[in-house]
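Chemist:
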Amino acid sequence: MKLMTPGPTQVRENVRLARAKVTGNPDLEAEFYDFYRDTCRLLSKILHTENESFILGGEGILGLEAACASLTEPGDRVLVLDNGIFGKGFADFVTMYGGEAVLFTTDYHRPMDPAALKAFLEQDHNFKYATVVHCDTPSGVINDVHALCPILKQYGILTVVDSVAGMFGESLDVERAQIDILCGGSQKALSAPAGLTLLTVSNDAKHAINNRKTPVRAFYANIKTFFTYYEDQWFPYTMPISDIVGLRQALDNVAAEPDIVSRHACIAAAVRKALTAAGVKLYLDAGYSNNVTVILVPDGLTDHAILDTMKRDYGILIAGCFDVLAGKVLRIGHMGENANVPDVAETLDALGRTLSSLGFNVQADMKSVFLDAVRA
1 MKLMTPGPTQ VRENVRLARA KVTGNPDLEA EFYDFYRDTC RLLSKILHTE
51 NESFILGGEG ILGLEAACAS LTEPGDRVLV LDNGIFGKGF ADFVTMYGGE
101 AVLFTTDYHR PMDPAALKAF LEQDHNFKYA TVVHCDTPSG VINDVHALCP
151 ILKQYGILTV VDSVAGMFGE SLDVERAQID ILCGGSQKAL SAPAGLTLLT
201 VSNDAKHAIN NRKTPVRAFY ANIKTFFTYY EDQWFPYTMP ISDIVGLRQA
251 LDNVAAEPDI VSRHACIAAA VRKALTAAGV KLYLDAGYSN NVTVILVPDG
301 LTDHAILDTM KRDYGILIAG CFDVLAGKVL RIGHMGENAN VPDVAETLDA
351 LGRTLSSLGF NVQADMKSVF LDAVRA
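Per my numbering, residue 1 is the first one in the sequence shown, and the count goes up by one each step.
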């Protein structure tokens with residue numbers, strides 16, 4: 001099955017081979033602590049920050065919970081920027097750890113407006129931290145964290161950013177964005193297997209965590225337990241060494257491709273052009289991600305019929321959605337190893353044939369439009 005979902009994504013052969021190497025005991029061998037630290041430093045370098053990075057054993061959503069668990073104390077007011085399913089979802093983590101989640105909700109069809117956020121904060125800015133989603137995977141909207149987070153910092157509000165589906169395929173400069181805790185995952189544009197969380201943590205965030213009045217109400221989701229791992233030569237749990245070796249190779253792959261963001265942007269623009277030429281409607285009005293494109297299920301069809309036909313007849317897996325978008329949209333993941341011309345062209349060709357076979361009037365050859373666009 002060709003994997004063209006918005007994560008997990010296809011995995012390059014050198015990453016698979018790296019994960020198959022013979023490994024030792026990560027708890028007891030000093031060499032692994034050096035390897036882990038160097039890998040974290042490479043992650044920070046790629047993300048343009050001096051902030052310390054950490055790799056946690058757990059799928060990317062662990063980072064979102066860990067950020068909230070580590071920062072939130074009972075009664076803390078937390079601003080949740082909500083213009084998508086994952087944006088709103090942060091509120092659950094905030095309240096789970098005793099905080100008061102205050103939602104700033106805007107149109108789910110477009111990115112968060114920095115001017116609107118600033119106007120809101122002028123009236124109410126008594127928040128310990130704010131949560132922001134860089135790329136909301138269900139809708140495909142991209143929020144400008146380089147504009148939003150500095151506004152929050154102007155009011156002394158710490159920033160927690162979910163870039164699980166954004167980093168590596170979208171432009172991201174942690175220092176310029178003034179992000180305090182950045183959360184990522186292994187299985188999206190990085191194109192390593194699912195199972196690892198990536199974090200960068202600022203000194204401001206460390207200060208807030210270290211100076212809590214109450215203990216963190218978690219163990220596995222407690223970022224503080226990693227702060228002195230190298231000095232102490234101790235991890236809070238046995239690290240998944242083979243996964244981290246594979247992750248390092250995936251990071252090396254990204255570091256070796258200086259034009260990776262341009263590659264994603266070119267392919268994403270061509271995908272949108274092909275879909276709209278064919279008469280397929282995009283879900284968003286603006287703020288299109290370069291990593292995932294989300295389309296409306298055509299009237300008279302169902303997401304299951306389209307997905308099942310794509311799998312059965314063409315061996316290609318794209319994704320439906322969940323929550324408020326369940327049954328309404330389909331998602332094509334063109335991030336990381338998925339973001340290559342042959343596979344995307346094949347996917348669009350299969351989608352066009354599928355829609356036509358199900359009775360939708362496909363107004364253009366999506367594959368041809370896509371190929372013409374990427375060659376232009």
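Yeah, the Cβ is synthetic: ideal placement off N, Cα and C, and Gly gets one too.
Mapping the DSSP letters down to three states, classify G246 as helix, strand or coil.
Modeler: helix
Chemist: Rounding to the nearest angstrom, what Cα-Cα distance links A30 and L42 in this structure?
Modeler: Taking the straight line joining both Cα atoms gives about 19 Å.
Chemist: Start and end of the alpha helix (DSSP H) containing P272?
Modeler: Note that residue 272 is Arg in the sequence shown, not Pro. It spans I260 to A277 - the alpha helix (DSSP H) in which R272 sits, taken as one unbroken run.
Chemist: With burial defined as no fewer than 16 other Cβ atoms inside 10 Å of the residue's Cβ, what is the status of D259: buried or exposed?
Modeler: Answer is exposed; the Cβ neighbour count stays below 16.
Chemist: On the CB-based measure, 16 or more other CB atoms within 10 Å of its CB, does T354 come out buried or exposed?
Modeler: Taking a 10 Å sphere around the C-beta of T354, we find 16 or more other C-beta atoms and assign the residue as buried.
Chemist: Report the residue ranges of all alpha helix (DSSP H) runs contained in full by the segment 186-228; include only those spanning at least 4 residues, in chain order.
Modeler: The segment 186-228 contains these whole alpha helix (DSSP H) runs: 203-210.
Chemist: Tell whether a beta-carbon distance below 8 Å holds between E59 and A194.
Modeler: Yes, they are a contact pair.
Chemist: What is the residue span of the beta strand (DSSP E) that S151 lies within?
Modeler: A small correction: the amino acid at residue 151 is Ile; Ser does not occupy that position in the sequence shown. Not the beta strand (DSSP E): I151 falls in the alpha helix (DSSP H), residues V145 to Q154.
Chemist: Determine the extent of the beta strand (DSSP E) in which I332 is found, giving its start and end residues.
Modeler: Looking at the DSSP string, the run of the beta strand (DSSP E) that includes I332 is V329 to G333.
Chemist: Going by beta carbon distance, what residues of the same chain come within less than 8 Å of F322, once the five residues before and after it are set aside?
Modeler: I85 and P138
Chemist: Just the C-alpha distance for R312 and S356, rounded to the nearest angstrom, thanks.
Modeler: For R312 and S356, the distance between alpha carbons rounds to 15 Å.
Chemist: Rounded to a whole number of angstroms, what is the C-alpha to C-alpha distance between V240 and G57?
Modeler: Sequence inspection shows Pro at residue 240; the Val mentioned does not correspond to that position. So the alpha carbons of these two residues sit roughly 6 Å apart.
Chemist: Quick one: what does DSSP say G58 is sitting in, helix, strand or coil?
Modeler: coil
Chemist: Name the two residues that bound the continuous beta strand (DSSP E) containing I85.
Modeler: I85 -> not in any beta strand (DSSP E); alpha helix (DSSP H) instead, spanning I85 to M96.
Chemist: Would you identify the three-state DSSP class for A20, choosing helix, strand or coil?
Modeler: A20 carries a coil assignment under DSSP once its states are collapsed to helix, strand and coil.
Chemist: Below 7 Å CB to CB, which residues in the same chain sit around Q123 once its five sequence neighbours on both sides are set aside?
Modeler: none
Chemist: Given this structure, state the Cα-to-Cα distance separating P282 from T276, to the nearest angstrom.
Modeler: Sequence check: residue 282 is Leu here, not Pro. Distance between the alpha carbons of L282 and T276 is about 7 Å.
Chemist: Could you pull the start and end residues of the beta strand (DSSP E) that R77 belongs to?
Modeler: Run containing R77: R77 to D82, per the beta strand (DSSP E) assignment.
Chemist: Could you tell me the distance, in whole angstroms, from the CA atom of G315 to the CA atom of H334?
Modeler: 17 Å
Chemist: Determine the extent of the alpha helix (DSSP H) in which F120 is found, giving its start and end residues.
Modeler: Its alpha helix (DSSP H) spans residues P114 to Q123.
Chemist: Residues bridged to C183 by DSSP?
Modeler: D162 and L199
Chemist: For N83, does the count of other Cβ atoms within 10 angstroms reach 16, so buried, or fall short, so exposed?
Modeler: Result: buried.
Chemist: Excluding the 5 residues preceding and the 5 following K273 in the sequence, name in chain order all residues of the same chain whose CB lies nearer than 8 Å to its CB.
Modeler: Excluding five sequence positions before and after K273, the CB atoms of its chain that fall closer than 8 Å to its own CB belong to V369, F370 and A373, given in chain order.
Chemist: Helix, strand or coil for F235? Go by DSSP, reduced to three states.
Modeler: coil
Chemist: Among the residues of its own chain, which have a CB less than 8 Å from the CB of A350, if the five just before and after it don't count?
Modeler: M310, D313, Y314 and I316
Chemist: Which term fits S186, buried or exposed, when burial requires 16 or more other beta carbons within 10 angstroms of its beta carbon?
Modeler: buried
Chemist: For V161 versus V145, is the C-beta distance shorter than 8 Å?
Modeler: yes
Chemist: Give the secondary structure of P285 by DSSP, where H, G and I count as helix, E and B as strand, and everything else as coil.
Modeler: For the sequence presented, residue 285 should be read as Asp rather than Pro. Three-state result, D285: coil.
Chemist: Within 8 Å of any Cβ in chain E, is that where the Cβ of Y33 sits?
Modeler: As a matter of chain content, chain E is missing from the structure shown, which is built from one protein chain.
Chemist: Measure the alpha-carbon distance for Y288 versus M167 and round it to whole angstroms.
Modeler: 15 Å
Chemist: Is I181 closer than 8 Å to A67 when the C-beta atoms are compared?
Modeler: yes
Chemist: Excluding sequence positions up to five away, which residues of its chain have a Cβ less than 6 Å from the Cβ of A218?
Modeler: For A218, where only same-chain residues beyond five positions count, the Cβ hits under 6 Å are A69.
Chemist: If the criterion is Cβ atoms closer than 8 Å, does the pair F54 and F226 meet it?
Modeler: yes
Chemist: Between which two residues does the alpha helix (DSSP H) carrying T354 extend?
Modeler: V341 to S357
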